[in-house]
Each structure stands twice: as C-alpha cells, then as structure tokens.
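Structure first, commentary second.
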Amino acid sequence: MTASPNTVGFIGLGTMGEPMALNLVRAGRQLTVWNRSPAKCDLLVQSGARAAPELGALFEACGIIILMLADESAIDDVLARGKDIFAPRVSGRTLVNMSTVSPSYSKALAAEVRAAAGHYVEAPVSGSRKPAEAGQLVAMLAGQQEDVEAIRPLLAPMCRQSVECGDVPGALLMKLAVNIFLITLVTGLAEATHFAQRNGLDLARLVSVLDAGPMASDVSRGKGAKLRDHDFARQAAIFDALKNIALVTEAARAAGIASPLSDVCVALYQEAMALGFGELDMVAVIRAIERRSDEGVLAAHSGEHTERFDEAT
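In this text, residue positions in the sequence shown follow this note's numbering: the first is 760, and each later residue adds one.
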C-alpha cells in the first residue's frame, strides 16, 4: 500500500481525540478520520475532515497516522497486529501514538513497526478535555530523532508545548511520572474537601484560600470549583484515572520502585468504580472517601497511628 507521506489520518475520536482532531482541521490540516463508532466522525466531517469508509482506506491514503485510543487492545485491533496485514499496513508510514499505554507495550510495538519499515513516535499528552479543546496540551515525545522532528510541527495546533524525552518508551515513562503528581494532587484535593465538609467549613471559602495560596494551579482551581459545586461532569473520568494510576504501579513494580501514594489511589479509584462512578469526573473519588468515613474504615487504625507518633516524638 502506498500513501502520500504528508497526509494525516486520525484514529480515535473519544473524549480527548475529538477536540484534538478538530484543532488540526481548524488549523487547515487535511485530515482523514476513523472511529469505531462512525457517528463520532460527524462533527469532524462537518468541520472539513474526511471520514474513511473503513480502516484499510485510511491507511492507504495516509502517510502519518495519529492514534488516540483507549488501550492496547484497541491499538492492536486497528493495526492488525499479529496478522499478515500488519507489516504492509505500517510500512513506510509514521505512527504517532498519543494514547496512554504501558511503556513495555509501546517499546515492543515500536520495535515491530520499525522491523516492518515503519516509523514510530510516542506522543502522550498532559491535560484533560478542556486543555484539549483550547489546544493547550503538553506533548511528550520519544522516538528516533528524525521521526520526532518530522512530526513536531503537526502537534502545534493541539499542544502549546512539546518536550523531547529520548527514545521509546521515555515519553510514556514521563507521562506516568506526571500522572502520579496529577492524580495524587486531585485525590488530595478531594480529601481536603471531604475533611472541610465534615468539619462544617464553607467550601467556597476553602476554594478561595486555596486559590490565593502558594499551591494554586490550573488543576486546583478547576477541580476545586467542581468539588465546591458538586459538579461531576466528566473532563477526565474515574476510569481514566484508574487506568493511568494502575499503569504507574505496574511500571513501578517492574522497576522495583516503591509507589505508596499511587497504591492508595488505585484502591480509592477502584472503590469509586465499584460504587458506579466510573463515567464521572475524577473528582468523584470523593464519594469513595465519603464511603470510608461512613463505614469507619480507618477508625480501627487511628489509635495505632497516634501511639506511633507519640513514640516518634
């Protein structure tokens, strides 16, 4: 299969992929799109993109393929990995993997793509739907230098900055490191809100104090306002947060690295999922914290913690 090297295909028009692809179209990029649910292509087509009738047509037409998919199995499916068609599908093309997957998976995929005479660049992004809509994501790039440089201009309509992270899987490892901070920050904000709420404090005042203080950030302002207003409309969902923090702990175990805060977050987001909040914004993790309080989950350990503190001091 032959394709023009500068034509771009975009696969995966979910919460993040749709606004990212729209920003490419609005910047004048001729884009061919495909999504497992074809109706998700409608807005892109109305904005000037072309919808591929099927995956094979997209690969035939495009020399650069952006992947923004939910998980590893979805990537394997669209690439036909493990099948005879995989090599001709990726040969001569540049795959830009913007999905968040495990570093070990990405490293193996990069080797297979390169063995099939294709090119592979990791380009995971930091940010949720609102930054995606505004073109304010931050991309982390990894791959062979010439491949990274070739696709960097393509990212400009979607990302306000891109940072090189060496070879694969450096970008995904960087993304996971960033996600540790992000998820523990939001989880800590949810716990702070719960603490204030159960002590009868005014949440608007809590948010005002946080916004005025040294810990204020775009994340704390946005998520603090959502917690104040009990607004759980999805920007980055509970299931996304759980997937990301689980990838962190998996990578930490593989490297023999302690991940105490991430381990706690995995448990809390699993509990939030079990309570039925998986589709809500990640600030809904407060519901899992509330449940623990209501059930007295930590009451049995409080005396032990106090005793240990007294001994330490």
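Glycine is no exception: its CB is placed at the ideal position from the N, C-alpha and C atoms. Just so you know, these numbers come straight off a predicted model, no measurement behind them.
Among the options, nearest to residue i - alpha-carbon criterion
i     : options                    : result
P928  : F818, V855, G776           : V855
Q903  : G983, R873, V897, Q895     : R873
R980  : A992, R993, L965           : L965
S887  : Y879, S865, K866, V937     : V937
G768  : Q956, F845, A1005, M827    : M827
K1002 : Q895, L935, L781, R809     : L935
V1023 : F1036, V1044, G1015, A1013 : V1044
E1049 : A975, A1000, A949          : A949
P771  : A909, L838, F940, A786     : Residue identity check: residue 771 is Gly in the sequence provided, not Pro. Checked all of A909, L838, F940, A786; the closest Cα to G771 is L838.
P797  : A1005, E813, R788          : E813
A1005 : L1020, A992, P890, R993    : L1020
P862  : L1027, A1017, A1013, G1055 : A1013
V1042 : K982, G1015, F998          : K982
A891  : E831, A975, M779           : M779
A893  : Q920, A882, E908, E905     : Q920
L896  : Y864, M857, D999           : M857
S865  : V792, P847, D835, S967     : D835
P847  : G815, A786, A829, V907     : G815
A1000 : A984, I825, Y1028, L944    : Y1028
E831  : G925, A869, L944           : A869
K889  : V1007, Q994, M1032         : Q994
Collapsed DSSP secondary structure at residue i in the structure displayed
i     : result
T859  : coil
I823  : strand
E923  : strand
H1060 : Residue placement at H1060 is flagged as unreliable, the pLDDT there being 48, under the threshold of 50; the coordinate-derived value follows with that caveat. Correct three-state label for H1060: helix.
D1069 : For D1069, the predicted structure reports a pLDDT of 49, less than 50, and the residue's modelled location is therefore unreliable. The matter cannot be settled from this model.
N765  : strand
A1010 : helix
R1046 : helix
D835  : helix
A846  : helix
M760  : In this prediction, M760 has a pLDDT of 46, which is less than 50 and means its spatial position is unreliable; what the coordinates show is noted afterwards. It is coil, neither helix nor strand.
D977  : helix
A915  : coil
A811  : coil
L854  : strand
D988  : coil
D1040 : strand
A829  : coil
A786  : coil
A1033 : helix
A995  : coil
S1052 : helix
S796  : coil
R840  : coil
G983  : helix
Residue i and residue j closer than 9 Å at C-beta
i     : j     : result
A996  : E1038 : yes
L783  : P912  : no
G877  : R852  : yes
T859  : L931  : yes
V884  : C918  : yes
L914  : A901  : no
L803  : E777  : yes
L962  : A955  : yes
D1053 : D990  : no
T766  : I823  : yes
R987  : T946  : no
R1051 : F1036 : no
R809  : L790  : yes
A1026 : A1017 : no
R788  : A833  : no
A875  : S850  : yes
V978  : L941  : yes
A811  : A820  : yes
A992  : K985  : yes
Residue interval of the beta strand (DSSP E) (run including residue i)
i     : result
A1017 : Note, A1017: premise wrong, no beta strand (DSSP E); not H, not E.
L790  : 790 to 793
Check: residue i C-beta below 8 Å from any heavy atom of the ligand ADP
i     : result
E1049 : By its list of ligands, the structure shown contains no ligand whatsoever, and the ligand ADP lies outside what it can speak to.
Within-9 Å CB hit, residue i to chain C
i    : result
L783 : In the structure shown, chain C does not exist; there is a single protein chain.
Run of the alpha helix (DSSP H) containing residue i, from where it starts to where it stops
i    : result
L772 : That residue, L772, is in no alpha helix (DSSP H); it is neither H nor E in DSSP.
L803 : 801 to 805
Checklist entry - For the region 863 to 913, which segments carrying the alpha helix (DSSP H) assignment without a break, of at least 4 residues, lie completely within its bounds, in sequence order? => result You should have 888 to 893.
Item to check | alpha helix (DSSP H) runs wholly inside the region 924 to 961, at least 4 long, in chain order | outcome: As far as the region 924 to 961 is concerned, its whole alpha helix (DSSP H) runs of at least 4 residues are 929 to 957.
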